[in-house]
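Asks: This is the structure I have questions about; it appears just below.
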Amino acid sequence: EAGHPDGIDVKWVRGPSSMPNQDQVDQAMQRDLAAVGIRCEFETLSDGNVFTTRHNEGKAGPMHSYNWGSYSVFDADGIYWDQLHTGSIFTYYSNPELDALLDEGRSSLDQDHRKEVYSKAQRIVRDEAPVIFMWGFHSVWGVSNKIDWKPRPDEIDMYFTAKPKA
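Sequential numbering of the sequence shown, starting at 668, is according to our numbering.
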């Protein structure tokens with residue numbers, strides 16, 4: 668049970684998306700939430716600057732979704748600190764215990780210690796669910812003998828570097 672006998676109505680603010688099928692995924696989540704009494708109304712902002720401004724002013728809640736485009740970040744600190752640390756522009760969530768773990772993890776170079784610290788942090792995130800990480804997107808590239816372009820090893824697609832083959 669969701670804990671609301673009559674259900675609740677929630678505005679879901681959505682930023683612009685570069686992910687394939689984002690609308691279909693959001694609509695599926697909307698149906699799943701409705702099944703437990705959480706009725707979501709979408710407000711979709713097509714301008715990323717407007718979304719960011721509203722988010723930073725604390726006006727994108729209580730529920731919002733957006734893409735996190737750091738495909739090249741393979742360290743827990745690169746996502747957890749920005750997404751979940753108190754005071755970050757990307758979250759309204761606050762948990763002093765998690766903050767302490769994230770601060771400890773980002774200040775250590777010892778891989779075993781960091782693994783232990785971030786494992787504890789992951790358990791908090793799993794148990795409290797302040798955010799739902801949906802998936803990691805992998806780029807898809809086409810091949811043409813008419814274009815001179817090479818994908819980067821960090822998976823950041825910079826198509827503006829593509830040139831017609833001479």
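The C-beta atom is built at its ideal place from N, Cα and C for all residues, glycine as well.
Since the model is a prediction, treat every value here as computed from it, not as a measurement.
DSSP has THR711 in a bridge; who is on the other side?
Replies: As a first step, residue 711 must be located in the sequence shown, where it is residue number 44. Paired residues: ARG681.
Asks: Which runs of the beta strand (DSSP E) fall wholly inside the stretch 713 to 794 and span at least 3 residues, in chain order?
Replies: 730 to 732
Asks: Using the beta-carbon count (16 or more within 10 Å), is ILE675 buried or exposed?
Replies: Counting from one through the sequence shown, the residue named residue 675 turns up at place 8. Answer is exposed; the Cβ neighbour count stays below 16.
Asks: Give a yes or no on whether the C-beta atoms belonging to HIS752 and LEU769 are separated by under 8 Å.
Replies: By one-based count along the sequence shown, residue 752 stands at place 85. By one-based count along the sequence shown, residue 769 stands at place 102. Cβ atoms of HIS752 and LEU769: closer than 8 Å.
Asks: I'd like to check one pair, HIS731 with TRP816: are the Cβ atoms closer than 8 Å?
Replies: Numbered from its first residue, the sequence shown carries residue 816 at position 149. Numbered from its first residue, the sequence shown carries residue 731 at position 64. Not a contact, by the Cβ cut-off of 8 Å.
Asks: Would you check if the distance between the CB atom of ASN734 and the CB atom of ILE756 is smaller than 8 Å?
Replies: Stepping through the sequence shown from its first residue, residue 734 is reached at position 67. Stepping through the sequence shown from its first residue, residue 756 is reached at position 89. No.
Asks: Taking the alpha helix (DSSP H) that MET825 belongs to, which residues open and close that run?
Replies: As a first step, residue 825 must be located in the sequence shown, where it is residue number 158. Counting along the chain, MET825 falls outside any alpha helix (DSSP H), and DSSP gives it neither H nor E.
Asks: Could you tell me if ARG681 is buried or exposed, where buried requires 16 or more neighbouring beta carbons within 10 angstroms of its beta carbon?
Replies: What you label residue 681 is simply residue 14 of the sequence shown in a count that begins at 1. Classification for ARG681: buried.
Asks: Who pairs with PRO817 in a beta bridge, going by DSSP?
Replies: Indexing the sequence shown from 1 puts residue 817 at position 150. Note that residue 817 corresponds to Lys in the displayed sequence, not to Pro. Looking at the DSSP assignment, LYS817 forms no beta bridge with any residue, so it has no partner.
Asks: For GLY728 versus TYR760, is the C-beta spacing smaller than 8 Å?
Replies: Within the sequence shown, residue 728 is the residue found at index 61, counting from 1. Within the sequence shown, residue 760 is the residue found at index 93, counting from 1. No.
Asks: Compare the beta carbon distance of LEU765 and ALA743 with 8 Å and say whether it is the shorter of the two.
Replies: Position 98 of the sequence shown, counted from the first residue, corresponds to residue 765. Position 76 of the sequence shown, counted from the first residue, corresponds to residue 743. Not in contact: LEU765 and ALA743 (Cβ atoms no closer than 8 Å).
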